[in-house]
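Sequential numbering of the sequence shown, starting at 19, is according to this note's numbering. Yeah, the Cβ is synthetic: ideal placement off N, Cα and C, and Gly gets one too. Please read all numbers here as calculations on a predicted model, not as lab measurements. Some notes on the structure that comes next.
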Amino acid sequence: MKGKAQKFNTRLIHGGIDGDAQTGAVSVPIYQTSTFRQDGLGESRGYEYSRTGNPTRKSLEELIAQLEGGTAGFAFGSGMAAITTVLALFHSGDRVLISSNVYGGTFRVLDKVFQNFGISYGIVDTSDLKLLESSITSDVKALMIESPANPLLTVTDIAAASEIAHRHGLTVIVDNTFMTPYLQRPLELGADIVVH
């Protein structure tokens with residue numbers, strides 16, 4: 019099978035799995051330990067505490083990156099933890115444009131938490147590309163899209179919206195929870211960051 023491109027279902031089964039070199043297991047075991055042995059002070063074997071990483075999570079993160087067509091993947095305890103981490107990339111004075119039908123939790127974290135840190139937001143119907151472009155001002159640093167948006171299933175043309183956003187130097191973030199990489203891969207459509 020070397021040299022032949024794997025189909026999505028094959029990547030889903032085999033992605034991120036290198037097996038276990040120590041035991042010969044062909045799949046990654048579920049590591050339930052909270053701590054890992056260190057050979058000396060500050061001398062880890064790659065892992066220290068499961069809260070910062072473990073082989074099981076590393077395998078999952080590699081699989082997610084492969085399925086999305088990305089360079090790296092990160093696993094979080096919830097979708098909102100992922101969204102909060104992405105929003106923490108921005109600074110006081112930055113503005114994020116969000117789809118008018120974005121997930122309520124995303125709206126609330128922007129409205130109730132990030133505004134306290136000087137990060138503002140604007141709401142725009144991202145399915146209206148002319149309106150989207152006219153809403154971009156000099157303080158806008160990112161565009162956050164959910165398409166199709168749950169529960170109304172409003173669709174934004176991710177490729178066209180990404181093209182507009184990139185012309186203005188914006189980072190494009192897509193919440194792909196509803197579609198998953200099985201049905202839609204926003205990075206292939208021009209997005210910079212995908213969360214689900």
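Ala209 vs Leu188 beta-carbon contact at 8 Å: Here residue 209 refers to the residue found at position 191 when the sequence shown is read from its first residue. Here residue 188 refers to the residue found at position 170 when the sequence shown is read from its first residue. Ala209 places its beta carbon 8 Å or farther from that of Leu188.
Integer Cβ distance of Val158 from Arg113, believed to fall under 8 Å: If you number the sequence shown from 1, residue 158 lands on position 140. If you number the sequence shown from 1, residue 113 lands on position 95. Cβ-Cβ separation between Val158 and Arg113: approximately 5 Å, consistent with a contact (criterion under 8 Å).
First through last residue of the beta strand (DSSP E) which encompasses Lys25: The sequence position of residue 25 within the sequence shown is 7, counting from 1. Here Lys25 belongs to no beta strand (DSSP E), and DSSP marks it neither H nor E.
Counted within 10 angstroms of its Cβ, other Cβ atoms place Phe44 as buried (16 or more) or exposed: Indexing the sequence shown from 1 puts residue 44 at position 26. In the sequence as presented, Phe is not what sits at residue 44; that position holds Val. That one is exposed.
Selection from Pro47, Thr174, Pro169, Tyr65 that minimises the alpha carbon distance to Gly10: As shown, the chain starts at 19 and ends at 214. That puts residue 10 outside it, with no answer to give.
Between the CA atoms of Asp129 and Met19 - distance to the nearest angstrom: By 1-based counting over the sequence shown, the position of residue 19 is 1. By 1-based counting over the sequence shown, the position of residue 129 is 111. A caution first: Met19 carries a pLDDT of 46, below 50, which makes its placement in the model unreliable, though a value can still be read off. In a straight line, the C-alpha of Met19 is about 50 Å away from that of Asp129.
Extent of the continuous alpha helix (DSSP H) run through Lys76: Residue numbering aside, residue 76 sits at position 58 when the sequence shown is read from its first letter. Its alpha helix (DSSP H) spans residues 73–86.
Identity of the residues DSSP links to Ser117 by a beta bridge: In the sequence shown, the residue the question calls residue 117 occupies position 99. BP columns for Ser117 point to Val142.
Local conformation of Thr174 per DSSP, three classes: Here residue 174 refers to the residue found at position 156 when the sequence shown is read from its first residue. Coil, per DSSP.
Which of helix, strand or coil DSSP assigns to Met98: Here residue 98 is taken as the residue at index 80 of the sequence shown, counted from 1. Residue state for Met98 is assigned as helix, using DSSP reduced to three classes.
Classification of Asn27 by the beta-carbon crowding that lies within 10 angstroms, buried from 16 upward: By one-based count along the sequence shown, residue 27 stands at place 9. When all chains shown are included, Asn27 counts as exposed.
Integer Cβ distance of Met162 from Ile182, believed to fall under 8 Å: Numbered from its first residue, the sequence shown carries residue 162 at position 144. Numbered from its first residue, the sequence shown carries residue 182 at position 164. Not quite, the Cβ-Cβ distance comes to about 14 Å (not below 8 Å), so this is no contact.
Alpha carbon of Thr198 to alpha carbon of Val104, nearest angstrom: Position 180 of the sequence shown, counted from the first residue, corresponds to residue 198. Position 86 of the sequence shown, counted from the first residue, corresponds to residue 104. Spanning the two alpha carbons is a distance of roughly 18 Å.
Endpoints, the alpha helix (DSSP H) within which Glu151 is located: As a position in the sequence shown, residue 151 is number 133, starting the count at 1. Element bounds for Glu151: 147–152.
C-alpha distance - Lys25 paired with Leu85, whole-angstrom precision: What you label residue 25 is simply residue 7 of the sequence shown in a count that begins at 1. What you label residue 85 is simply residue 67 of the sequence shown in a count that begins at 1. When the Cα atoms are used, Lys25 and Leu85 turn out to be separated by approximately 10 Å.
Whole-Å CB distance - Glu66 paired with Gln50, under 8 Å assumed: The residue labelled residue 66 in the question sits at position 48 within the sequence shown. The residue labelled residue 50 in the question sits at position 32 within the sequence shown. Contact flag wrong, Cβ pair sits at about 16 Å.
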